[in-house]
Amino acid sequence: MQTQTYRQLDRDHHLHPFTDFKALAEEGSRIVTHAEGIYIHDSEGHRILDAMAGLWCVNLGYGREELVEAATAQLRELPYYNNFFKSTHPPAVKLAEALCRLAPPHMNRVFFTGSGSEANDTVLRMVRRYWALEGKSDKQWVIARDNAYHGSTVAGLSLGGMAPMHAQGGPTVPKIAHVRQPYWFGEGRDTSPDAFGRECAAALEAKILELGEENVAAFIAEPVQGAGGAIIPPQSYWPAVKEVLARYDILLVVDEVICGFGRLGEWFGSVHYGLEPDLMPIAKGLSSGYLPIGGVLVGDRIAETLIERGGEFFHGFTYSGHPACAAVALKNLELMQAEGIVERVRDDVGPYLAERWATLAGHPLVGEARSLGLIGALELVDPATGERFAKSLGAGTLCRDICFDHGLVMRSVGDTMIISPPLVITRAEIDELVRLAREALDETA
Ligand code: PLP
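Residue numbering for the sequence shown follows numbering that gives the first Met the number 0, starting at 0 and increasing by one per position.
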């Protein structure tokens, strides 16, 4: 089929996620046809460096035959069976064991879902159920952060702190509150990063006291906020948050949907920051995005109560632990271990990206260039003043489109440009990424 035919059919029948339908109909879609390594190809013959790993997920890169074979073999053997009631199947069991071996030592159970959003729905159910079983059923409030993204289901969007999502129907799940995000460049530059990190933790404490500690069940956050703008918290933030949560016996939910599986140079972002979460939602990099699968890793404290006192947990999805998805995820974890992917991010390509990415900080359009492991951001500023642009200018969107024309996928969140490339990216490919980003910045300026 020709590009124009695809575009027409797409326009006529396909509603894209997170898309202005009318604008897309006017501009026409980009048809991605195939991919290999860290590059995608479109129907017009362009080869584009995918510095977003799809949607932060294709950690092993495109075209891994081993993952295709794992899916195919499992589809032949047992394409579907569920894990409800007393049934299960080998891929789900093997994956559960492999995940718990990689997780922090106090996490020995996993509940499978089909996505990160479903994982966060599961989190909400588990947190409230846990406290009810502990005889503290008033502990229902969950505190999340402004500008957080935790998914698109009703619970996901309610936990999330994305104003435009809330504006379309509102956070509909009751008893969810939001506190400020540790976004130093955007909100804290009148003080030092460390002082700002402590201020954000103090805001969490103030919210707990406002709601009443006896009513607060959990705090949920990503180690590094991804979709909100690759926001790397000041060093002081997580230690201070840990102290606050311990003071009031509030559960910690660390959303590892982006940071899990090597993105920050450890198997989990929690390990990088020395956190001991009670629950960890996971998805994306778990299968390198080859098939959809997510889950919640459950700490022993929660698991023991749910198991010993909970009776039936009335929750689950048709595709919880789907055999083919589980088989692909298992193979993905095996490959990551065999190839030392996590160590490579921590010791080699992560530090190399940091060094190369920092060179962009000297560009007149860039107010800050930050990265950790293989996640990074550029803050675009007005070259005339060195300050952030007025919102309406759309420098980020312009830069994103120019990047694409230069053969680079970077994402924009307002005027923050983001990268989260496949973890298999090489040093030479990082050089290419930085060169393409610089060209795009030159043209945007
Ligand atoms: N949590 C975080 C931190 C995410 O970034 C995302 C997706 O981007 C989700 C949850 C939702 O995952 P999914 O899109 O698989 O439902």
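Glycine included, every Cβ here is placed at the ideal spot set by N, Cα and C. Please read all numbers here as calculations on a predicted model, not as lab measurements.
Beta-carbon within less than 7 Å of residue i's beta-carbon, same chain only, minus the 5 sequence neighbours each way: which residues are those?
i    : result
E117 : T152, G293 and F316
A200 : Y236, A239, V240 and V243
M161 : N146 and Y148
R46  : Y38, H40 and G406
E35  : Y61 and G62
S42  : T2, Y5, I30 and T32
E386 : V380
Could you tell me the distance, in whole angstroms, from the CA atom of residue i to the CA atom of residue j?
i    : j    : result
R345 : E265 : 7 Å
R262 : F313 : 33 Å
A158 : A143 : Correcting the residue type first, residue 158 is Leu in the shown sequence and not Ala. When rounded, the distance between both Cα atoms is 6 Å.
F218 : L66  : 35 Å
I306 : W140 : 23 Å
A69  : D120 : 29 Å
F388 : A376 : 16 Å
L14  : S319 : 26 Å
V341 : R426 : 15 Å
V109 : A194 : 37 Å
L278 : V253 : 6 Å
L23  : D11  : 11 Å
E212 : A202 : 14 Å
P280 : M106 : 12 Å
F17  : G196 : 31 Å
A302 : V122 : 12 Å
Y431 : T396 : According to the sequence shown, residue 431 is Glu rather than Tyr. So the two alpha carbons sit approximately 21 Å from each other.
Y247 : I257 : 28 Å
L379 : G115 : 29 Å
S411 : R179 : 21 Å
D404 : G27  : 15 Å
A102 : L364 : 40 Å
Could you check how far apart the C-beta atoms of residue i and residue j are, in whole angstroms? I think they sit under 8 Å.
i    : j    : result
V243 : E204 : 5 Å
F184 : G366 : 7 Å
Y79  : H321 : 7 Å
Y351 : I429 : 6 Å
N331 : S269 : At roughly 20 Å, the Cβ-Cβ gap does not stay under 8 Å, so N331 and S269 are not in contact.
R308 : L132 : 5 Å
L359 : V408 : Not really, about 17 Å apart at Cβ, beyond 8 Å.
Assign residue i to one of three DSSP states: helix, strand, or coil.
i    : result
E209 : helix
N58  : coil
A383 : coil
M51  : coil
W455 : Any answer about residue 455 is impossible in this case: the structure gives the chain only from 0 up to 444.
I429 : helix
R308 : helix
G284 : helix
L251 : strand
V122 : helix
W266 : coil
V341 : helix
Q7   : helix
L329 : helix
I301 : helix
D441 : helix
T317 : coil
Nearest to residue i by alpha carbon, out of the options?
i    : options                   : result
G60  : I39, Q73, Y80 and A70     : I39
V57  : K135, I37, V92 and P103   : I37
M335 : L422, D41 and A22         : L422
L290 : Y247, T112, M416 and R308 : T112
E311 : F84, L101, P104 and K21   : F84
G413 : V295, L392, R100 and V122 : L392
I446 : G27, V223 and P192        : The structure shown does not extend to residue 446, since the chain is modelled only from 0 through 444, so no value can be given for it.
E275 : I257, L251 and L285       : L251
P51  : M416, K21, E386 and R434  : The question names Pro, yet the displayed sequence has Met at residue 51. Of the listed residues, the one whose Cα sits closest to M51 is M416.
R124 : F20, A216 and T87         : A216
A166 : L94, L156 and I175        : L156
G169 : Q180, A154, R179 and P181 : A154
A97  : Q180, W55, S86 and L329   : L329
V92  : R355, A323, R343 and L132 : A323
M164 : A226, L74, E221 and A220  : A226
Y272 : G284, E221 and A282       : E221
Can you find the residues in the same chain that come closer than 8 Å, C-beta to C-beta, to residue i, ignoring five residues on each side of it along the sequence?
i    : result
A72  : A326
P452 : Nothing about residue 452 can be reported from this structure: the residues present for the chain run from 0 to 444 only.
I401 : A439, E442 and T443
Please list, in chain order, all residues of the same chain as residue i whose beta carbon is under 6 Å from its beta carbon, the five residues on each side excluded.
i    : result
G53  : G288
D381 : F388
W130 : K138 and A216
S370 : L352, A353 and W356
Can a CB atom of chain C be found closer than 8 Å to the CB of residue i?
i    : result
L397 : The chain inventory of the structure shown lacks chain C, comprising one protein chain alone.
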